[in-house]
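If you count the sequence shown from 1, position 276 lands on 276 in the UniProt record's numbering, and the numbers rise without skipping.
Notes follow once the structure below has been shown.
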Amino acid sequence: MHVIVIGGSISGAESVRALVDNPEVTSIDWFEAGDLALVQGWGANAAMHLSALAQQGVTVHNQTTVTQLNPATHSLTATTGASSQDYSYDKLILSTGSAAIELPLPGAKLDGVMSIAHRSSIFTLKKQVQNPDIKNVVIVGAGYIGVMFAEPFNQAGKHVTVVDIADQPVATNLDSEFSSQIAANMTESGVTLALGEGVQEFIGQDGHVTAVRSEKGTYPADLVIVAVGNRANTAWLQGIVDLDSRGVVKTDAYMRTSDPDILAVGDATTVNYLPTDTELRISLASNAARGGRFAGRYLGAPTRKFPGVSGTSALEVFGKFFAATGLSTVTAGKSGAAVASSFVTAPLLMADAPATMNAEIQFKLIYDPTSRRVLGAQLLSDVNVTAYINVVALAIQAKMTVEDLEYADFFFQPSLAAPINVINEAELAAN
Ligand SMILES: Cc1cc2nc3c(=O)[nH]c(=O)nc-3n(C[C@H](O)[C@H](O)[C@H](O)COP(=O)(O)OP(=O)(O)OC[C@H]3O[C@@H](n4cnc5c(N)ncnc54)[C@H](O)[C@@H]3O)c2cc1C
């Protein structure tokens, strides 16, 4: 079987990784519109990775954009520079991901205004952190990506302003009990939070940005980072495979599109969102990676269903570790799901553990008040207990109830964990 993979980022790479181990697959063509080495972060080891791929039957087409797809003939057209060529496939995996949403505002094209398109933007921005000419940074978007970028610029002594129409940072991940604490730590660190205000204009001089104006204020800027989300990279697939109303590729539980020989994974696709059992786009690398592995392994025959996702995420930022999975009170409200919650704080270790070793964990459990099915959770601490959230992610996948987790067996060890885990405590508090 000859397979083509379009897209060289996380979902594409994990697809290829599974395809080379799939005995049904004889050869693979892998296309990436950008620079594969940059997208993959291979750096100086690029030649080594490319030669290993060639030995495994993978032909890499770097800086090559797939522009046309013809399912009827199982073929596509790819363009490198000025030349185009046709390729055929038995099975195709679309992993074309997402593109940054740009703000169509006056001044958006000024030098120094940068939309975060991709995870590889982290490498570009790391260089800007060291740039002594940048003294004022305005970040538009207080989601987890905006907040994540605020920290290194703040630590490098730049003045950072974060502007968002929302009234709390990381508001799509965390309810206000938690996000207010992230906001307080940001402010204490010297970040200006301009929340509850929309950006109206980027102001410039001699072609370079100098300030950002919102409806409430004007903030000086040598660099503007726009991190307001992304949209599926699928415009060219209109009329070729079924897309939803937002242009996202619809997939079934086997990762197949409306054409059974074309699979799709990652940011460009819908996936089953377990807490509400609806098809949503979940823009997370964890989803993209697992989807890629799954598609590469099972594309030959639809024998196994992908289990779905709960949108599990974690971040260390401004002195706090937080993690979240499934529904929050806010996202439940938006989706119309009726939820109840319990909120507890519990020590990491026993109360008599030395204070220098101990820490408080704040934990919020979200559940269905009728069925008592676990639907989500959030946690926040000064120490890294973010992996606790994976327990709840698994509970959501297994459709477990509050009672299933209430007395669940979690380890106790005086130097590592308290006898009653904070997850048990939260379930107990839900009664
Ligand atoms: C700054 C930042 C940090 C992030 N950190 C995390 C994190 O810590 N954890 C997490 O879970 N998620 C994180 N994410 C989200 C994560 O990066 C995305 O969910 C993930 O990259 C999606 O992978 P993907 O392969 O589906 O698509 P993408 O990463 O969007 O890649 C798609 C690729 O396809 C290529 N392509 C598109 N169209 C074509 C075409 N027609 N022909 C050829 N090639 C094409 C593009 O050039 C691109 O390289 C972060 C995102 C950003 C922006």
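Even for Gly, the Cβ is constructed at its ideal location relative to N, Cα and C.
Please read all numbers here as calculations on a predicted model, not as lab measurements.
Starting from Gln413 and walking both ways along the alpha helix (DSSP H), at which residues does that stretch end?
Locating residue 413 in the sequence shown gives position 413, where the first residue counts as 1. Bounds of any alpha helix (DSSP H) do not take in Gln413, whose DSSP letter is neither H nor E.
Would DSSP call Phe123 helix, strand or coil?
Against the sequence shown, residue 123 aligns to sequence position 123. Here Phe123 sits in helix by DSSP.
Nearest to Phe294 by alpha carbon, out of Gly81, Leu76 and Ser95?
As a working mapping, residue 294 is identified with position 294 in the sequence shown. Looking at the Cα atoms, Ser95 is the closest of the given residues.
Any heavy atom of ligand 1 within a distance shorter than 7 Å of the CB on Arg119?
Position 119 of the sequence shown, counted from the start, is the residue given in the question as residue 119. It does: the Cβ of Arg119 is within 7 Å (strictly closer) of some heavy atom of ligand 1.
Run the proximity test for Leu92: is its beta-carbon closer than 7 Å to any non-hydrogen atom belonging to ligand 1?
The count along the sequence shown starts at 1 and reaches residue 92 at position 92. Outside the cutoff, so no.
I want to know whether the stretch 303 to 311 touches the stretch 276 to 295 - three or more CB-CB distances under 8 Å.
yes
What would DSSP say about Asp111, mapped onto helix, strand or coil?
On the sequence shown, position 111 is the one that residue 111 refers to. DSSP places Asp111 in strand when its eight states are reduced to three.
Residues near Gly229 by beta carbon distance below 6 Å, same chain, minus five either side:
Sequence index remark: in the sequence shown, residue 229 carries index 229 (1-based). Taken in chain order, the residues that qualify are Ile101.
Just to confirm, are Val402 and Glu427 a CB contact at a threshold of 8 Å?
Counting from one through the sequence shown, the residue named residue 402 turns up at place 402. Counting from one through the sequence shown, the residue named residue 427 turns up at place 427. Yes, they are a contact pair.
Could you pull out every residue in the same chain whose Cβ sits closer than 8 Å to the Cβ of Leu327, ignoring the five residues on either side in sequence?
Mapped onto the sequence shown, residue 327 falls at position 327. Once the five neighbours on either side are set aside, the close Cβ partners of Leu327 are Pro275, Thr276, Ser335, Ala337, Val339, Ile366, Leu375 and Gly376.
Specify whether the stretch 263 to 282 and the stretch 239 to 248 touch according to this definition: at least 3 beta carbon pairs, one from each stretch, less than 8 Å apart.
yes
With DSSP as the reference, label Glu102 as helix, strand or coil.
In the sequence shown, residue 102 corresponds to position 102, counting from 1. The answer is coil: DSSP assigns Glu102 none of H, G, I, E or B.
With a CB to CB cut of under 7 Å and the five nearest residues on each side skipped, what residues in its chain are close to Gln128?
As a position in the sequence shown, residue 128 is number 128, starting the count at 1. Only Ile134 and Leu223 meet the Cβ criterion.
What does DSSP give as the partner residue(s) for Asp86 in the beta ladder?
Locating residue 86 in the sequence shown gives position 86, where the first residue counts as 1. Thr77.
Which first and last residues belong to the beta strand (DSSP E) in which Gly376 is found?
Taking the sequence shown and counting its residues from 1, one reaches residue 376 at position 376. That run of the beta strand (DSSP E) goes Val374 to Ser381.
Taking Ser75 as the reference, which of Gly34, Ser98, Val5 and Thr26 has the closest Cα?
Within the sequence shown, residue 75 is the residue found at index 75, counting from 1. Comparing Cα-Cα distances from Ser75 to each of Gly34, Ser98, Val5 and Thr26, the minimum goes to Val5.
Among Ile225, Arg281 and Ala221, the one whose alpha carbon lies nearest that of Lys250:
Taking the first residue of the sequence shown as 1, we reach residue 250 at position 250. Ranking Ile225, Arg281 and Ala221 by Cα distance to Lys250 puts Arg281 first.
Residues near Met114 in its chain [Cβ-Cβ closer than 6 Å; skip 5 each side]:
Here residue 114 refers to the residue found at position 114 of the sequence shown. Only Ile225 meet the Cβ criterion.
Nearest-angstrom Cα separation, counted from Ala171 out to Gly196:
Numbered from its first residue, the sequence shown carries residue 196 at position 196. Numbered from its first residue, the sequence shown carries residue 171 at position 171. Note on geometry: alpha-carbon atoms of Gly196 and Ala171 lie some 12 Å from one another.
What ranges does the beta strand (DSSP E) occupy inside the stretch 230 to 316, keeping only unbroken runs of at least 3 residues that lie completely in it?
230 to 232, 262 to 264, 271 to 273 and 278 to 280
Considering Pro23, what are the terminal residues of the beta strand (DSSP E) in which it resides?
By one-based count along the sequence shown, residue 23 stands at place 23. Per DSSP, Pro23 belongs to no beta strand (DSSP E) and is neither H nor E.
Over what stretch of residues does the alpha helix (DSSP H) that includes Lys334 continue unbroken?
Counting from one through the sequence shown, the residue named residue 334 turns up at place 334. Unbroken alpha helix (DSSP H) run through Lys334: Thr329 to Ser335.
Per the DSSP calculation, Leu223 is bridged to which residue(s)?
If you number the sequence shown from 1, residue 223 lands on position 223. Under DSSP, the beta-bridge partners assigned to Leu223 are Val137.
Once the 5 residues before and after Ser9 are set aside, which same chain residues still bring their CB inside 6 Å of it?
Numbered from its first residue, the sequence shown carries residue 9 at position 9. Within the same chain, Ser9 has close Cβ partners Val39 and Gly97.
Can we count Asp29 as close to ligand 1, meaning its CB is less than 7 Å from some heavy atom?
On the sequence shown, residue 29 is found 29 positions in, with the first residue counted as 1. It does not: the Cβ of Asp29 is nowhere closer than 7 Å to a heavy atom of ligand 1.
How is Tyr407 classed by DSSP in three states: helix, strand or coil?
By one-based count along the sequence shown, residue 407 stands at place 407. Coil at Tyr407, not helix or strand.
contact_flag[the stretch 198 to 210, the stretch 251 to 261] where n(CB pairs < 8 Å) is 3 or more
no
Is any heavy atom in ligand 1 found nearer than 7 Å to the beta carbon of Ile165?
Taking the sequence shown and counting its residues from 1, one reaches residue 165 at position 165. Result no, Cβ not under 7 Å from ligand 1.
Does ligand 1 have even one heavy atom less than 7 Å from the beta-carbon of Trp42?
Position 42 of the sequence shown, counted from the first residue, corresponds to residue 42. Not one heavy atom of ligand 1 is found less than 7 Å from the C-beta of Trp42.
What distance in whole Å lies between the Cβ atoms of Thr64 and Leu78, which are believed to be in contact at a cut-off of 8 Å?
Against the sequence shown, residue 78 aligns to sequence position 78. Against the sequence shown, residue 64 aligns to sequence position 64. It should be noted that the sequence gives Ala, not Leu, for residue 78. About 5 Å separates the two Cβ atoms, so the contact holds.
Between which two residues does the alpha helix (DSSP H) containing Glu215 stretch?
Sequence index remark: in the sequence shown, residue 215 carries index 215 (1-based). Careful: Glu215 lies outside any alpha helix (DSSP H) and carries neither H nor E.
With a threshold of 16 other CB atoms inside 10 Å of the CB of Gly43, please say whether the residue is buried or exposed.
The residue labelled residue 43 in the question sits at position 43 within the sequence shown. The residue in question, Gly43, is exposed, as its Cβ has fewer than 16 Cβ neighbours within 10 Å.
Can you tell me whether DSSP reads Pro71 as helix, strand or coil?
Counting from 1 along the sequence shown, the entry for residue 71 is found at position 71. Under the three-state reduction of DSSP, Pro71 is assigned to helix.
With DSSP collapsed to three states, give me the class of Phe318.
Reading the sequence shown from its first residue, position 318 is the one you call residue 318. It is coil, neither helix nor strand.
Verify the contact flag: Glu427, CB atom, against every heavy atom of ligand 1, threshold strictly below 7 Å.
Working through the sequence shown from its first residue, we reach residue 427 at position 427. False, no ligand heavy atom lies under 7 Å from that Cβ.
Any non-hydrogen atom of ligand 2 closer than 7 Å to Ile122 Cβ:
Among the ligands in the structure shown, ligand 2 does not appear; only ligand 1 can be found there.
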